[in-house]
Amino acid sequence: MRRSLLIPFAAALVSLCAPAQERLGAYAMTIEGLVHPTAVALDETGDLLAIADPLAGKVVIQRIERPVSLEVNPDGSINAIPLMDPRLNRYPVTFNKRSPTGLAFSPFGRLWITDSGANKLCSHSKETGGIEKYAGNEIHDLLHQPGSVDASARSLAIVEPMLHQVLLFAHPRNEGGGTRFELRARLGGRGTESGELLFPSDVAIAKDERVYVCDRGNHRIQVFAPDGEFLFGWGDWGWAPGFFADPTGVETAAGRVYVTDSSNHRVQVFDLEGEWLYEWGLHALEPREGEGKLHYPGGLAVSKKGELAAVAEAMDDRVQLFRLGAPPERFSRLDRSWQDMTASPHLGETIAVGGGLLFLGEPEGNRVKPYEWSRYGPRQVSELGGRGTAHGRLLGLTGMAYSSADRSLLVADPGNRRVQLYSLGPVDAETPAFDLSLGRFVKGLRLPDSVECGAIARHGDGSFDLLDLRAREIRRYDTDWKLVTTLGAWELVNPIDIEWDPVGERLLVTDAIAQAGWENAFGRVLAFSDERSGPTVVVDELAYPAGLGVRADGGFYVSDILEHRVDRFDAGGKHLLGWGSKGLGRAQFFQPRDVEVDEEGRVLVVDHGNHRLMVFDEDGAFLEVFGPRLYTRETRLGEGGDR
Amino acid sequence: MRSFLLCMVAFAACAAPPPRFSFEGDELPTNDAAWNVRWRTEPAEIPLNAPFQIEVQVLPADGSHPPESLSLEVDAAMPQHRHGMNRLPRMVPLGDGRFRAEGMLFHMEGQWELYFDVTEGDLTERGQTEVFLE
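The listed protein sequences derive, respectively, from chains A and B.
Start counting at 1 in the first sequence, then tack on 3, and there's your number in our numbering.
Just so it is clear: in the second sequence, position 38 is 18 by our numbering, and no numbers are missing.
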C-alpha cells in the first residue's frame, strides 16, 4: 500500500481509538452520606470538590487526592498519566447555610455560593477559611431566589430560575474596602423563543467567555455572548441523542459541553458549537443502584482539563465521580420508558384523592393519571394533560386538588403559568374501563407574568388558594376565579404545601424554613384563618416539612423530607403520633412529599424518593403500596420497618 | 330635554332584544356553562382529508351581548389515537361573537372531538362535541 494512503488510514484508526481513551465517563467512585446534594463544583486544579446539600443546610468541601503515575517515554521525557482512581479525604471545611443552591470555584480559588433561602450570595476562600457575605452590598437587591452560579476570570453568572433569567456580572473586584458587582447583562426572560428561558437551572462560562445556559423548562441549551446577545442553541424535549428531558446541569471544559440530562438519566457531551459527541449513563432501576448508573443526575462539575466529573444525584443522596477511561457503555437502549403510555409511571410530588378516585401526577410525561381504587388496587381509567401549551395540556405539575362533589380536578400548570380545571365522567367501580375521553378540560385561568405557581388548595364552595413560589405568598381566588387577596407575603420563606381545613376554616401551610438568615432555621406549619391578620404558628421546630394532609376532624398529617417520616397532629397542633425512617420497608420512606387523607380516613403518602405511594390507616398502620415492583417488593413481602 | 334623551337611551337599552344566533347550526354549552356556542361546517358534511371551515357564534349564557374582547380558538383531536389535527386552523373574527375557523382538516376516519375554547380576559372555557367521520 502506498505510504500516502497508509498515513490517512493510520490517522483515521488513531482518531477512532484515541477519543475512546480521552472520553470522560468511566465510573470512579461514589461519595455517600449526603442528604440531598444538588450542586457540585471542582476547583481549577480539580483537587477540591465542593458539594451543596441544601436540605442539610450545608456546603461540604473535600480534597481529592489523585496519585499520579509517571511513565518514561522512549525519548527520556516523562508523561504524567492523568487521574486514575481518585481517593477522597475530608477537607476540614463544612459550614452551615440554609438552602445553598449554587456553587462555583473562580479561577482564583474562591468558592462562590448562592443561597436561595436567604436570597444571598456569599463566597469562601481557602486562604482565609472564612465566609464573606457582602452584607449591605447592592448585589442583594438584584437577587431574588438565586440558583446556580459560575465564575470565570472576567465574569460571574447567577441563575434566577423564578425570574427566568441569568444575571451576568463583571468579575467582582475590591474597591474602597468593599466588593463591587457590576451587572453587565440580564440573559433570557420568560418564554420559549430563542434567547428566552423557562426555569433555567444552570450556567457555564466557557474559556472564550460565551455563556452556556441550561434552559431546563425548554429542554435545551442556549448560548449567549459576553455582552448578553443570544448566539445559538440546541436541543428539544425527547430521548434521542441531542435531545433532553429536564436538563439540569451544564459545564464546559476542555473544549466540550457536558449536560446532565436528568429524566433521561444520562450525561450528554457536545462540542462547543453543540455538535453531539457521546453520552454516558444507564438508568438505575434497582433502588439506590449506582456505580456508574445514574438516577436523575442533577448538578454537574467537570475539571478544567476534562479529566474528572462529579455528578450530584439528589434523589439518591450521593455524588458519583467519573474519570477518563475505557469508552463508557454506549446505551443504544434509547430509554423512552417515560414516554411509553403503558409503562409504570414515575410518581410526581403531588397527588389528589376523592370519591374513589386517585390522581397521580406523572412528571416526565406532564400527565395526570386518574385511577379507580375504591374496591381493589388502583386501576388506571384515563389520562389528562400531556406535554404542550394548548388548553388542557400541561408543562409541569405543581399542585392538584379534587372535588368529589362535582367530580372536578384543579391543576396548577407552572410551565404555562395557569390553573386548569378538568371534569371526570362516571367510572364503574366494579369493572372500570380505560377511556381517554373520560376527562375533559373545563376551563383555565392565565396567571399574571409575576406569578410562578406551586401547590393548590380548594375550598368547598369552589374558591381556591394558589401558592405563588416567586412572591412566596398565597393568592386567594373566589368562586368566579377572581383574585380576592394575597396572604403570607413577608411571612413565608420556603412554602411547600397548602391545604384547606374546612372544619377550622383555615388554610394550613408547610414552610420548610421559618426564618431566612437564621443559622439554625427550622420548618413549621402555619394557619391563615383571617384574611386581615397574619398567620398563627400551629406546629414549630419541624426539620423539613413538606406534604400536608388534613383530616375530617381538622387534625392533619405532615411529611418530613429530612427525617423521612410522617407525623400526625390534632387540630391544635399537638403531636399525636409519627412513623417512618429511611428505607424501603412498610413504615419507611425516602424523602416523602405530598400527603392526602381520603374520605375513609386513609392516609396516602407520596414516597417520592422510592417512586411509590404508601397507604396507611389513620394511626399509621400499613395498608398497601403502589408503585414499580422493584421499589415495592420489599414492602409487599412485609420486610423492614414494620409497625 | 337632556333628561328626556337620557330616558330614551335608557329605555332603548332596556328594550334591546336579547342576542340571537345569526345562523342555523348545532348548539352546545361550554363545559362550565358560561357560554353557548353554535357552529356549522362548510361544506356541511366534513370531508375526509380535505380542508373545511367552521363558522362559530359565541353568546354569553346570561343573555348579555358578547364582549368585544372575546376570542375563540378552534381545535380538534382524536383522543383514542392520542393525536390532533396535522394543521393549525386560522381564526377570522367576524364581530358580535362570530368567528370563522379556516383550514380545518380531518386526516383520518373515526371519532373526533371538536374544541371551542372561548377566552374572555384571563379565563378560557371549553365547549366540545364529538364528530364521527366515516
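By construction, the Cβ of each residue, glycine as well, lies at the ideal position given by its N, Cα and C atoms.
Let me make sure I understand the geometry here. Which of B:45, B:112, B:105 and B:101 has the alpha-carbon closest to that of residue 451 of chain A?
One-based indexing of the first sequence puts residue 451 of chain A at position 448. If we check each option's Cα against that of residue 451 of chain A, B:101 comes out closest.
Does the beta carbon of residue 103 of chain B come closer than 8 Å to any beta carbon on chain A?
Here residue 103 of chain B refers to the residue found at position 123 when the second sequence is read from its first residue. For residue 103 of chain B, at least one C-beta of chain A is nearer than 8 Å to its own C-beta.
Tell me the DSSP bridge mates of residue 666 of chain A?
With chain A running from 4 to 646 in the structure shown, residue 666 of chain A is simply not present.
Beta carbon of residue 275 of chain A nearer than 8 Å to that of residue 260 of chain A:
Position 272 of the first sequence, counted from the first residue, corresponds to residue 275 of chain A. Position 257 of the first sequence, counted from the first residue, corresponds to residue 260 of chain A. In contact: residue 275 of chain A and residue 260 of chain A (Cβ atoms closer than 8 Å).
Apply the 10 Å Cβ neighbour rule to residue 645 of chain A and answer buried if 16 or more other Cβ atoms are within range, or exposed otherwise.
Taking the first residue of the first sequence as 1, we reach residue 645 of chain A at position 642. With a pLDDT of only 43 at residue 645 of chain A, under the threshold of 50, the placement of this residue in the model should not be trusted; the figure read from the coordinates follows. Taking every protein chain shown into account, the CB of residue 645 of chain A has fewer than 16 other CB atoms within 10 angstroms, so this residue is exposed.
Run through chain A and tell me which residues come within less than 8 Å of residue 59 of chain B, C-beta to C-beta.
Taking the second sequence and counting its residues from 1, the one referred to as residue 59 of chain B is at position 79. Those are 439 and 440, listed as they occur along chain A.
6 Å Cβ shell around residue 463 of chain A - same chain, five flanking residues per side excluded:
Taking the first residue of the first sequence as 1, we reach residue 463 of chain A at position 460. Excluding sequence positions up to five before and after residue 463 of chain A, its CB lies within less than 6 Å of the CB of 505, all in the same chain and listed in chain order.
Check distances from the C-beta atoms of the segment 23 to 54 of chain B to those of chain A and list, in chain order, the residues that come in under 8 Å.
Shown in chain order are the members of the segment 23 to 54 of chain B whose Cβ falls below 8 Å from a Cβ of chain A: 53.
Whether or not the segment 22 to 32 of chain B and the segment 3 to 10 of chain B are in contact is what I'm after, with contact meaning three or more pairs of Cβ atoms, one per stretch, closer than 8 Å; do they touch?
The segment 3 to 10 of chain B, when compared against the segment 22 to 32 of chain B, does not touch it at the 8 Å Cβ threshold.
Quick one, which residues of the segment 4 to 18 of chain B are near chain A if we go by CB-CB under 9 Å, in chain order?
10, 11, 12 and 14: these are the residues of the segment 4 to 18 of chain B whose beta carbon lies less than 9 Å from some beta carbon of chain A, given in chain order.
Interface flag, residue 67 of chain B vs chain A, CB-CB below 8 Å
As a first step, residue 67 of chain B is located in the second sequence; it is residue number 87 there, counting from the start. So, not an interface residue.
Which term fits residue 226 of chain A, buried or exposed, when burial requires 16 or more other beta carbons within 10 angstroms of its beta carbon?
Translated into the one-based positions of the first sequence, residue 226 of chain A becomes position 223. Buried is the call here.
Are the C-beta atoms of residue 76 of chain B and some chain A residue less than 8 Å apart?
As a working note, residue 76 of chain B is residue 96 in the second sequence. It does not; no Cβ of chain A falls within 8 Å.
Excluding five sequence neighbours on each side, which residues of the same chain lie with their C-beta closer than 6 Å to the C-beta of residue 86 of chain A?
Along the first sequence, read from residue 1 onward, the residue named residue 86 of chain A stands at position 83. Caution applies to residue 86 of chain A, whose pLDDT of 48 falls short of 50 and renders its modelled position unreliable; the value that the coordinates give is listed next. Listed in chain order, the non-local C-beta contacts of residue 86 of chain A below 6 Å within the same chain comprise 69, 310, 311 and 326, local neighbours out to five positions each way being set aside.
Which one or two residues does DSSP pair with residue 205 of chain A in a beta bridge?
Position 202 of the first sequence holds residue 205 of chain A. Beta bridge pairing from DSSP links residue 205 of chain A with A:217.
Alpha carbons only, please: which of A:64, A:52 and A:42 is nearest the one belonging to residue 58 of chain A?
Counting from one through the first sequence, the residue named residue 58 of chain A turns up at place 55. Considering only A:64, A:52 and A:42, the residue with the shortest C-alpha distance to residue 58 of chain A is A:42.
For residue 106 of chain B and chain A, any beta-carbon pair shorter than 8 Å?
Walking along the second sequence from the start, residue 106 of chain B turns up at place 126. Residue 106 of chain B belongs to the set of residues whose beta carbon lies under 8 Å from a beta carbon in chain A.
With DSSP as the reference, please indicate the residues paired to residue 19 of chain B in a beta bridge.
As a first step, residue 19 of chain B must be located in the second sequence, where it is residue number 39. Residue pairing by DSSP places residue 19 of chain B opposite B:6 and B:36 in a beta bridge.
Here's the rule I'm using: 16 or more other beta-carbon atoms within 10 Å means buried, otherwise exposed. How should residue 123 of chain A be labelled?
Numbered from its first residue, the first sequence carries residue 123 of chain A at position 120. Under the 10 Å beta carbon count, residue 123 of chain A is surrounded by 16 or more other beta carbons and is classified as buried.
With DSSP collapsed to three states, give me the class of residue 591 of chain A.
In the first sequence, counting from the first residue as 1, residue 591 of chain A sits at position 588. Residue 591 of chain A: coil per DSSP, three-state reduction.
So, helix, strand or coil for residue 635 of chain A, using DSSP?
Position 632 of the first sequence, counted from the start, is the residue given in the question as residue 635 of chain A. Looking at residue 635 of chain A - three-state DSSP - the assignment turns out to be helix.
By a C-beta neighbour count over all protein chains shown, 10 Å radius and 16 as the cutoff for buried, is residue 379 of chain A buried or exposed?
Here residue 379 of chain A corresponds to residue number 376 of the first sequence, with the count starting at 1. By the 10 Å Cβ count, residue 379 of chain A comes out exposed.
Who are the neighbours of residue 466 of chain A on chain B, taking C-beta pairs under 7 Å?
Reading the first sequence from its first residue, position 463 is the one you call residue 466 of chain A. Correct list: empty, because the minimum Cβ distance to chain B is about 14 Å.
Any C-beta of chain B under 8 Å from that of residue 85 of chain A
On the first sequence, residue 85 of chain A is found 82 positions in, with the first residue counted as 1. Because residue 85 of chain A sits at a pLDDT of 49, beneath the cut-off of 50, its placement in the model cannot be relied upon, and the point is left open.
Separation of residue 547 of chain A from residue 108 of chain A, as counted between CA atoms
The residue given as residue 108 of chain A occupies position 105 in the first sequence. The residue given as residue 547 of chain A occupies position 544 in the first sequence. Computed Cα separation, rounded: 29 Å.
Evaluate the contact criterion for the segment 589 to 597 of chain A versus the segment 609 to 620 of chain A: three or more CB pairs, one atom per stretch, below 8 Å.
Touching, per the Cβ criterion.
Look up residue 425 of chain A in the DSSP assignment and give the residues it is bridged to.
To locate residue 425 of chain A, count along the first sequence from 1; it is residue 422. A:412 and A:444, per the DSSP bridge assignment.
Inter-residue CB distance, residue 560 of chain A and residue 600 of chain A (contact presumed, cutoff 8 Å)
Residue mapping note: residue 560 of chain A aligns to position 557 of the first sequence, counting from 1. Residue mapping note: residue 600 of chain A aligns to position 597 of the first sequence, counting from 1. With 8 Å as the limit, residue 560 of chain A and residue 600 of chain A qualify as a contact, their Cβ atoms being about 7 Å apart.
Keeping to the same chain, check which residues put their C-beta closer than 7 Å to that of residue 114 of chain B; ignore five residues upstream and five downstream.
In the second sequence, counting from the first residue as 1, residue 114 of chain B sits at position 134. Counting only Cβ-Cβ distances below 7 Å, and skipping sequence neighbours, we find 89.
Sort A:35, A:55 and A:120 by Cα distance to residue 498 of chain A and report the nearest one.
Counting from one through the first sequence, the residue named residue 498 of chain A turns up at place 495. Measuring from the Cα of residue 498 of chain A, the nearest candidate turns out to be A:120.
I'd like the ranges of any beta strand (DSSP E) spanning at least 3 consecutive residues and lying wholly in the segment 204 to 290 of chain A.
Listed in chain order, the complete beta strand (DSSP E) runs (minimum 3 residues) inside the segment 204 to 290 of chain A are 205 to 208, 214 to 218, 223 to 227, 233 to 237, 250 to 256, 259 to 264, 269 to 274 and 279 to 283.
Opening and closing residue of the alpha helix (DSSP H) in which residue 142 of chain A lies
Stepping through the first sequence from its first residue, residue 142 of chain A is reached at position 139. From DSSP, the alpha helix (DSSP H) with residue 142 of chain A extends over 142 to 145.
I want to verify the contact list: residues of chain B whose CB lies under 7 Å from the CB of residue 446 of chain A, in sequence order.
As a first step, residue 446 of chain A is located in the first sequence; it is residue number 443 there, counting from the start. Counting only Cβ-Cβ distances below 7 Å, residue 446 of chain A has contacts in chain B at 11, 12, 103, 104, 105 and 106, in chain order.
Determine the direct distance from the alpha carbon of residue 298 of chain A to that of residue 409 of chain A, and round the result to whole angstroms.
Here residue 409 of chain A is taken as the residue at index 406 of the first sequence, counted from 1. Here residue 298 of chain A is taken as the residue at index 295 of the first sequence, counted from 1. Between the alpha carbons of residue 409 of chain A and residue 298 of chain A lies a distance of about 39 Å.
Neighbour-count burial assignment, residue 126 of chain A, 16 or more Cβ in a 10 Å radius:
Numbered from its first residue, the first sequence carries residue 126 of chain A at position 123. It counts as buried.
Mind checking whether residue 587 of chain A and residue 621 of chain A have CB atoms under 8 Å apart?
For this step, residue 587 of chain A is matched to residue 584 along the first sequence. For this step, residue 621 of chain A is matched to residue 618 along the first sequence. Against a cut-off of 8 Å, the Cβ pair of residue 621 of chain A and residue 587 of chain A comes out as no contact.
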